[in-house]
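**Q** Following this message is one structure expressed as structure tokens.
Protein chains: 2
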Amino acid sequence: MTVLSTTGLARYFPVLDWGRRYNRRLLTSDMIAAVIGTLMLIPQSLAYALLAGMPPETGLYASILPLLIYAIFGTSGPLAVGPVAVVSLMTASAAGQMAATGGMDHVSAAIALAFLSGIFLVAVGIFRLGFLANFLSHPVTSGFVSASGILIAAGQVKYLLGIKASGDTFLGIVESLLAHIGETSLVTLAIGASATIFLQWARKGLKPALVRLGIATGLAGNLARAAPVVAMGLTTLLAWGLDLEKMGVWLVGTVPQGLPVFALPAFDLAHWLDLVRPAILISIIGFVSSVSVAQTLAAKKREKVVPDQELIALGAANIASSISGAFPVTGGFARSVVYYDAGAETPASGAFTALGIALATLTLTPLLYYLPQATLAATIIVSVITLIDFSVLKKAWSYSIADFAAVTLTIVATLVLGVEIGILAGVTLSILLHLYKGSRPHMAVVGRVPGTEHYRNVLRHKVETYPEILTLRVDDSLYFANARHLEESLSEMVADRPEVKDVILLCSAVNEIDLSALESLEEINRRLKDAGVRLHLSEVKGPVMDRLEKCSFLKEMTGQVFLTQHQAIASIRGVEKDAPDRSRAEEAPIEWYI
Amino acid sequence: MTVLSTTGLARYFPVLDWGRRYNRRLLTSDMIAAVIGTLMLIPQSLAYALLAGMPPETGLYASILPLLIYAIFGTSGPLAVGPVAVVSLMTASAAGQMAATGGMDHVSAAIALAFLSGIFLVAVGIFRLGFLANFLSHPVTSGFVSASGILIAAGQVKYLLGIKASGDTFLGIVESLLAHIGETSLVTLAIGASATIFLQWARKGLKPALVRLGIATGLAGNLARAAPVVAMGLTTLLAWGLDLEKMGVWLVGTVPQGLPVFALPAFDLAHWLDLVRPAILISIIGFVSSVSVAQTLAAKKREKVVPDQELIALGAANIASSISGAFPVTGGFARSVVYYDAGAETPASGAFTALGIALATLTLTPLLYYLPQATLAATIIVSVITLIDFSVLKKAWSYSIADFAAVTLTIVATLVLGVEIGILAGVTLSILLHLYKGSRPHMAVVGRVPGTEHYRNVLRHKVETYPEILTLRVDDSLYFANARHLEESLSEMVADRPEVKDVILLCSAVNEIDLSALESLEEINRRLKDAGVRLHLSEVKGPVMDRLEKCSFLKEMTGQVFLTQHQAIASIRGVEKDAPDRSRAEEAPIEWYI
Chain A
1 MTVLSTTGLA
11 RYFPVLDWGR
21 RYNRRLLTSD
31 MIAAVIGTLM
41 LIPQSLAYAL
51 LAGMPPETGL
61 YASILPLLIY
71 AIFGTSGPLA
81 VGPVAVVSLM
91 TASAAGQMAA
101 TGGMDHVSAA
111 IALAFLSGIF
121 LVAVGIFRLG
131 FLANFLSHPV
141 TSGFVSASGI
151 LIAAGQVKYL
161 LGIKASGDTF
171 LGIVESLLAH
181 IGETSLVTLA
191 IGASATIFLQ
201 WARKGLKPAL
211 VRLGIATGLA
221 GNLARAAPVV
231 AMGLTTLLAW
241 GLDLEKMGVW
251 LVGTVPQGLP
261 VFALPAFDLA
271 HWLDLVRPAI
281 LISIIGFVSS
291 VSVAQTLAAK
301 KREKVVPDQE
311 LIALGAANIA
321 SSISGAFPVT
331 GGFARSVVYY
341 DAGAETPASG
351 AFTALGIALA
361 TLTLTPLLYY
371 LPQATLAATI
381 IVSVITLIDF
391 SVLKKAWSYS
401 IADFAAVTLT
411 IVATLVLGVE
421 IGILAGVTLS
431 ILLHLYKGSR
441 PHMAVVGRVP
451 GTEHYRNVLR
461 HKVETYPEIL
471 TLRVDDSLYF
481 ANARHLEESL
491 SEMVADRPEV
501 KDVILLCSAV
511 NEIDLSALES
521 LEEINRRLKD
531 AGVRLHLSEV
541 KGPVMDRLEK
551 CSFLKEMTGQ
561 VFLTQHQAIA
571 SIRGVEKDAP
581 DRSRAEEAPI
591 EWYI
Chain B
1 MTVLSTTGLA
11 RYFPVLDWGR
21 RYNRRLLTSD
31 MIAAVIGTLM
41 LIPQSLAYAL
51 LAGMPPETGL
61 YASILPLLIY
71 AIFGTSGPLA
81 VGPVAVVSLM
91 TASAAGQMAA
101 TGGMDHVSAA
111 IALAFLSGIF
121 LVAVGIFRLG
131 FLANFLSHPV
141 TSGFVSASGI
151 LIAAGQVKYL
161 LGIKASGDTF
171 LGIVESLLAH
181 IGETSLVTLA
191 IGASATIFLQ
201 WARKGLKPAL
211 VRLGIATGLA
221 GNLARAAPVV
231 AMGLTTLLAW
241 GLDLEKMGVW
251 LVGTVPQGLP
261 VFALPAFDLA
271 HWLDLVRPAI
281 LISIIGFVSS
291 VSVAQTLAAK
301 KREKVVPDQE
311 LIALGAANIA
321 SSISGAFPVT
331 GGFARSVVYY
341 DAGAETPASG
351 AFTALGIALA
361 TLTLTPLLYY
371 LPQATLAATI
381 IVSVITLIDF
391 SVLKKAWSYS
401 IADFAAVTLT
411 IVATLVLGVE
421 IGILAGVTLS
431 ILLHLYKGSR
441 PHMAVVGRVP
451 GTEHYRNVLR
461 HKVETYPEIL
471 TLRVDDSLYF
481 ANARHLEESL
491 SEMVADRPEV
501 KDVILLCSAV
511 NEIDLSALES
521 LEEINRRLKD
531 AGVRLHLSEV
541 KGPVMDRLEK
551 CSFLKEMTGQ
561 VFLTQHQAIA
571 SIRGVEKDAP
581 DRSRAEEAPI
591 EWYI
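Protein chains in written order, with full-length UniProt numbering: chain A, 1 to 594; chain B, 1 to 594.
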């Protein structure tokens, strides 16, 4: 197999695959989606740049080259790559911290974050380490996104009021807002509030209103999506016409015209090291939300996305964003759904959108001077309100206390301590709780159901046992999290039952024995030997047995390995294996029915 | 139930339990063990103080109050609490780093470490969080202990040579030794080398030699254990007689006479926060090795140790060590075995040892002035050589590549980057590998073994399947680590099989479905619905079903839940549940025997 075969190349450049099958029908669909996408993306790019603490033009830059690059590497047709709310918030937080400690300025830190995040995603994709995203459980992710939505909305209120406020945490933001609330600019508030109300209404009300005006349903739906552009246009006109800048309304101001100048970020090892952790968190959050949108949309058409390739594509898009002088990007949920509805068929739709944004950057930037920041804040607030959904709390409460704990901690920590600590706390607690559950697997002392060869839990069934034989069934794989627990439980059980001479571990539910558990078994064997008790195994699964045979444990084990539990009991009690002595068994047993 | 019942109190103060049953026979046994223990502990206390970078008297202080406190709270008779090698090394490393950054001096940092470690252990014991120790897998622990042994031995060589050297890592130590090797003091080397050779020989050779001299075997064994005391005595005499101090031999010097002055460590939040992580690592390493010794020894007599109570006891002992002005302690392996062999029956043996050490502190300290540091270094080296055992590498190599990777990383990182990074790297990698394994559970498409109601893997058995029904069996619980994998696998399988109309998840091996997995199932259900495919479950376990019934998933699910896989197939194919139409089944099937 040559690496340069077409199949090989197409694996890493999916464009070679769908590109060859590209035709006029696909082109038309993709172009229509791109027009709608461009109209949505212009206000969002500018708004999320504001949210990320970046100059407005970087939002546009983040929506040109990254989209072209994703079109080459990506596997999802409708996935809309670009700046998104949560990732922009995380960027603002990490870059802000870096700037506060004086290490790098905010813009350079955000550019470095995009670069590091890109390198990380590409590496994870190439080495197929996508499983790392599993650390982020569904409930933790949804709690985090909701809490981030609150932080984002709260953080934008200052632009609606035209006051200077700051803060990385919910309380910090609220406190700062209250301290400055007296400085509210009423004109700004009027613009901000009108824009917010209009956009919030437009989300559901504009399309039916347009339809009532006699516009065709499809066109009405697409026009409704341009509501933010309309809000921008109207408020810009107003700001220009009434010269609102003189009345203290903050405008976007001068935006450089023209395409980004490409440059590698200035390498700075010492400070970059501090950005590695936030970059990894940004990457994982971005990837998890992006791939889940892509999969949901692909499944509707029974198409596939390739997660490892998506990692590479998103990574490449982030590197592209970085060398465009912009900040981290990923696939956005709302925009992707719009692309899908608009009929986007291939990643070319994104490439066409990139061209649209490039055109806007070349021509429209002078008009942005008069755009009120309050309008952008309104766009952000209306978008993120849809992210805030605490129903996961109620669901977790009724379903699983462990999940409830993880999601509650994530939400509280995100709001109170900030995004980075929030997500880390949630991830850490879910892993801890998982290992905790794994550390106490269900174990049952079993006995024989009279007259059968079935062995069942003595606590649940009326079964026969023998005082000199203890059979323990472990309902889980044996590995480091429960190895010590097994040691302790067996030591205790044997200490409590001085009459026991033989211990049988019934391994029917054991899918794996790792080295920790093997060493625990060796330790258990030694301890039982010291106490004059033999250790046997029964019903060991094939793959587990293969491994055990590779090491010396079975030789050192004082007892035997039995194919079935019934053979084990028969053999230990000294009766024929194939013809268990039923009469004796029925004579002797002590019935444990606790 | 009143909390103050005797049973309740005895739970937290085991001394109330064994104390009531104490008698002359137990007293005699414990006293004999204590005499031998004291003779062993004097040189080790001084040596491990040297290793921890602490003044020699603190080693003695760490062997008085902590032992008395352990006797009150502890549950293991022979466990010998006090300074031990690995924990002393970790103390030296953490306190050294703190001192280097100028935050606190070395001694205060070590005292704070003991205090924090004590608080942590007590908290873990009270809240029954002992499962945290499960993070430390057997192989990682043994790799870490071996690597630490090498670091410790290498770090003591400078005392054998009488040269100033430093370094926290193996390469650093070796480099520093080589740089200063020209300054070697030959007299020091002569003393150090003789002591090392004598002690190494004494470990195995002294007892038989004494027996040959006509001493009874038991007494000879106990006398042999006093070899380090003999080495100390002889070299001290030599140093005094020949005035070796003038010849450049480093002596222990002035050791304050008298018992420690008890005082709480000076609270210093800012710097203590930096010590929390090393304190936790010290606690966990200390607890894991201590409890495993205690359990091994208890099992020999079919006695029990109570891990949660051991945590409290070790925690209290560390707090005691801290207020004595000393450093972290734990239960030592070698000393405990000696106690056990010497017949220690109850924790009182430790209390008597404490009295012995207190007596020595009051009377013998002036004699310590002339004790050469090289003798202490020899004591340490001979002790830790027994810790170094890399057989775990060979075992892991043949048994499990994941465990091999974890133990290799632990050893290399400990030697090259130091103890803290070493242990963290090992723990992190083993959790990562565990989640990686969990993220790709074994899954099988199953079909019916002809003529039976058994369903087996299509890849391993000649079975019947139907093109419109896909049955997937997952051989693991469904939880966050594999939830996304299940989503992806099912999406892919359904995309690859356009004829599929029904998907059955066979849940016979699913012990748990956490909220992440539930949300994945909901997502799978939605995606399949969009693709016109129904989702069914079969053979769901009772406890899993109980939980599913608490939420709305079963109502939203497009298909049904079936008691058995056979009923599922029969019902979906539209035949009577109780009388499967065998003739039709045998007519239609496509046989998948790939």
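By construction, the Cβ of each residue, glycine as well, lies at the ideal position given by its N, Cα and C atoms.
Are the Cβ atoms of A/Tyr370 and A/Ala193 separated by less than 8 Å?
**A** No, these two residues do not count as a Cβ contact at 8 Å.
**Q** Does the count of Cβ pairs from the region 33–49 of chain B and the region 343–362 of chain B closer than 8 Å reach three?
**A** The answer is yes - the region 343–362 of chain B touches the region 33–49 of chain B, with three or more Cβ pairs under 8 Å.
**Q** Taking buried to mean at least 16 other C-beta atoms within 10 Å of its own C-beta, is B/Leu506 buried or exposed?
**A** Counting Cβ neighbours within 10 Å, B/Leu506 comes out buried, since at least 16 surround it.
**Q** For the UniProt domain "STAS" (459–572) of chain B, which segments carrying the beta strand (DSSP E) assignment without a break, of at least 3 residues, lie completely within its bounds, in sequence order?
**A** DSSP runs (the beta strand (DSSP E)) wholly in the UniProt domain "STAS" (459–572) of chain B: 463–465, 469–474, 502–506, 534–538.
**Q** Can you tell me whether DSSP reads B/Tyr455 as helix, strand or coil?
**A** Strand.
**Q** Am I right that B/Ala227 and B/Ala202 are in contact with their C-beta atoms under 8 Å? What's the rounded C-beta distance?
**A** So it is a contact: roughly 4 Å between Cβ atoms.
**Q** Is A/Pro139 close to chain B? Criterion is C-beta to C-beta, closer than 8 Å.
**A** Chain B contact via Cβ: present.
**Q** Is the number of C-beta pairs between the region 332–349 of chain A and the region 93–113 of chain A that are closer than 8 Å three or more?
**A** The region 332–349 of chain A vs the region 93–113 of chain A: no contact.
**Q** Can you tell me the Cα-Cα spacing of A/Val15 and A/Leu9, whole angstroms?
**A** About 10 Å.
**Q** Taking A/Val564 as the reference, which of A/Asn482, A/Leu415, A/Thr184, A/Arg448 has the closest Cα?
**A** The displayed chain sequence assigns Thr, not Val, to residue 564 of chain A. Looking at the Cα atoms, A/Arg448 is the closest of the given residues.
**Q** At what residues does the beta strand (DSSP E) containing B/Asp330 begin and finish?
**A** Note that residue 330 of chain B is Thr in the sequence shown, not Asp. Counting along the chain, the beta strand (DSSP E) containing B/Thr330 begins and ends at 330–332.
**Q** Consider the Cβ of A/Ala495: report whether some Cβ of chain B lies at a distance smaller than 8 Å.
**A** It does; some Cβ of chain B falls within 8 Å.
**Q** Could you list which residues in chain B have their beta carbon closer than 8 Å to that of A/Phe131, in chain order?
**A** Per Cβ cutoff of 8 Å: Leu435, Tyr436, Ser439, Arg440, Ala481, His485.
**Q** Mind checking A/Arg20: buried by the 16 CB within 10 Å criterion, or exposed?
**A** A/Arg20 comes out exposed.
**Q** For a contact meaning CB atoms closer than 9 Å, what does A/Cys551 contact in chain B?
**A** Within chain B, the residues near A/Cys551 are Lys395, Ser398, Tyr399.
**Q** For B/Met98, report the span of its alpha helix (DSSP H) as first-last.
**A** Where B/Met98 is concerned, the enclosing alpha helix (DSSP H) stretches over 85–100.
**Q** Please confirm whether A/Ser552 and A/Asn318 have their CB atoms less than 8 Å apart.
**A** For A/Ser552 and A/Asn318, no; Cβs fall outside 8 Å.
**Q** Could you check the C-alpha separation between B/Thr361 and B/Leu50 for me, to the nearest Å?
**A** Answer to the nearest angstrom: the Cα atoms are 16 Å apart.
**Q** Between which residues of its own chain and residue 603 of chain B is the CB-CB distance below 6 Å, once the five residues before and five after are set aside?
**A** Coverage of chain B is limited to positions 1 through 594, which leaves residue 603 of chain B absent and any answer about it impossible.
**Q** Pick from A/Glu556, A/Gly426, A/Val533: whose alpha carbon is nearest that of A/Ile469?
**A** Among A/Glu556, A/Gly426, A/Val533, the Cα nearest to that of A/Ile469 belongs to A/Val533.
**Q** List, in chain order, every chain A residue whose beta-carbon is nearer than 8 Å to that of B/Ile431.
**A** Within chain A, the residues near B/Ile431 are Ile431, Leu435.
**Q** State the DSSP-derived secondary structure class of B/Val157, mapped to helix, strand or coil.
**A** Three-state DSSP puts B/Val157 in a helix.
**Q** Of all the alpha helix (DSSP H) runs that stay within the bounds of the region 330–386 of chain B, which reach a length of 4 or more residues?
**A** Whole alpha helix (DSSP H) segments, 4+ residues: 333–341, 348–363, 373–385.
**Q** A/Arg534 versus chain B: which residues are under 7 Å apart at the beta carbon?
**A** Under the 7 Å cutoff, chain B gives no residues; its nearest Cβ is about 14 Å from A/Arg534.
**Q** Is A/Thr408 close to chain B? Criterion is C-beta to C-beta, closer than 8 Å.
**A** No, A/Thr408 does not count as interfacial toward chain B.
**Q** List the residues of chain B whose Cβ lies closer than 7 Å to the Cβ of A/Ser516, in chain order.
**A** Those are Ser137, His138, Pro139, listed as they occur along chain B.
**Q** Report all residues from its chain with a CB closer than 7 Å to the CB of B/Ile381; omit the five preceding and five following residues, and keep chain order.
**A** Contacts found: Ala153, Gln156, Thr196.
**Q** Would A/Ala270 be called buried (16 or more neighbouring beta carbons within 10 Å of its own) or exposed?
**A** So A/Ala270 ends up on the exposed side.
**Q** A/Leu537 and A/Val561 look like a contact to me (Cβ under 8 Å); what is the Cβ gap, rounded to whole Å?
**A** So it is a contact: roughly 5 Å between Cβ atoms.
**Q** Give the straight-line distance between the Cα atoms of B/Phe13 and A/Thr101, rounded to the nearest whole angstrom.
**A** Roughly 50 Å separates the two Cα atoms.
**Q** Would you say A/Arg302 faces chain B, with C-beta separation under 8 Å as the test?
**A** With 8 Å as the cut-off, A/Arg302 counts as an interface residue toward chain B.
**Q** Using only CA atoms, which one of B/Val145, B/Leu113, B/Gly74 lies nearest to B/Leu264?
**A** Nearest of B/Val145, B/Leu113, B/Gly74 to B/Leu264, Cα basis: B/Leu113.
**Q** In the DSSP output, which residue or residues are listed as bridge partners for B/Leu251?
**A** According to DSSP, which records beta bridges pairwise, B/Leu251 is partnered with B/Pro372.
**Q** Would you mind working out which of A/Leu387, A/Leu535, A/Glu549 sits nearest A/Ile572, comparing C-alpha positions?
**A** Selected option, being the one with the closest Cα: A/Leu535.
**Q** So with Cβ pairs under 8 Å, would you call B/Asp530 a contact of chain A?
**A** Answer yes: the Cβ-Cβ gap between B/Asp530 and chain A drops below 8 Å somewhere.
**Q** How many angstroms separate the CA atom of B/Met557 from the CA atom of B/Arg547?
**A** One C-alpha to the other measures close to 15 Å.
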